[in-house]
Amino acid sequence: MTAGGPPDVGDRLLDDGGRRSRILGGGPGGGPEGLRAVLIALASTVVFFTILVVAVLNSPGWPEVRRLFFNGAQFRESLPVIAKAFLVNVMLFSTAEVFILVFALFLAVLRSLPGPVFFPIRALAIAYVDLFRGVPTILVITILGFGAPALQLQGVPKSEFFWAVVSLVLVYSAYVAEVYRAGIESVHESQVAAARSLGLSRWKSMRFVVLPQAIRRVAPPLLNDFIGLQKDTALVATIGVVEAFRQAGIDSAATFNFTPYLATAMLFVLITIPLARLTDWLVSRERARRQGQAAA
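In this note's numbering, the protein residues as written are 1310 to 1605.
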C-alpha cells in the first residue's frame, strides 16, 4: 500500500483472507472463538433434530403413520413401477425445456425492441407474460388438457402428453422470458453502442454482443426455473397422464397405503438435488469470474 493512498489489491486479498480464516476458526486471535461458535451451532442442530425425532417416534399415532407411509415391503414393491412412470416426467421436462428456452428468448427479444413503432409487439409480449404468470399452472393444464381436445378440430392432437407439454411451455416461457429480459437489460448500453460503431446492425448487435453475455449471466436463475419445471410435471396427472405421481396414486388406491407417494418424492429429490448443486456451482463460478475481471 502506498503512503496515504488506498489499499492495493494485494492488501484487500490479505484482509479478505484474514476475515475468512477468522470466521472458519483458523486466523490469529479468532481461532478458539470461531471454532467454539461452529461447535455450538452443530450441537444445537443435533439436539433440535434429536428432540424432534424422539417426539415423533413416541407420539401416539406413530405406529399407524409408520404402517401407512413407511412400509418397507410396499416401498420395494411400488418403486420399480413408479420409477418406470417417472421416465414420463423426465420426457415431459426434457421436451418442454427445449421449447421454453427458444420461445422465452423470442419473447424477451420482442420486449426489448426499442422505439414507438414496436409498441404493439411489446404490448402483446407483456400481455402474454402477465397472463401466464398470473394463471396457476394447474389451471392452464386442466383447461388445455380437457378443452382443446373437446373442440374436435381437424388436425388438433388429442394426446394428453402433447397438451401437457404445451401447457408447461406456455406457463414457463413467461417466467423464463423475464429472466432473459433481466439478463439483456444487465448488459451495459455502451456494449451496443460499441457494436453499432463497428458497423453492426441492431439485430447483429443483439445476436453477437448482447445475447451471449445475457445468457451467460442468467444461466443460474434459468436452472432454478427448470428445477421448478421438473417438479411441476407432476401436475399433468390431472389430465390423465400416467407419470410418477399418478402411478403412486394408483398403487396407493389399490393397497390402501401411502408409501408409494414416499417413493415418488424420493425420485423427485434425486433429480432436484443435483440440479440445485449445479446451480450453486454456476453461481460461484460466475462470481469468481466477475471478481477476477474487477481485480484485473
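A virtual CB, placed ideally from N, CA and C, is assigned to each residue, including glycine.
Closest in alpha carbon position to residue 1492, among 1528, 1510, 1476, 1467, is 1528. If you draw a straight line from the Cα of residue 1461 to the Cα of residue 1414, it is about 32 Å long. Taking residue 1481 as the centre and dropping the five residues before and after it, the same chain places the C-beta of 1409, 1538 closer than 6 Å to its C-beta, in chain order.
Taking each of 1364, 1550, 1420, 1376 in turn and checking the Cα distance to residue 1401, the smallest one comes out for 1550. With a contact defined as Cβ atoms closer than 8 Å, residue 1488 and residue 1541 miss out at about 16 Å. When the alpha-carbon of residue 1485 is set against those of 1430, 1511, 1377, 1416, the nearest one is in 1416. Secondary structure at residue 1513: helix, using DSSP grouped into helix, strand and coil. The beta carbons of residue 1391 and residue 1569 sit about 6 Å from each other, so the pair counts as a contact at 8 Å. Taking all protein chains in view, the Cβ of residue 1566 is crowded by 16 or more other Cβ atoms within 10 Å, so the residue is classified as buried. If you look at residue 1540, you'll find it in the alpha helix (DSSP H) that goes 1528 to 1541.
Taking 8 Å as the cut-off, the beta carbon of residue 1553 is found closer than this to the beta carbon of residue 1398.
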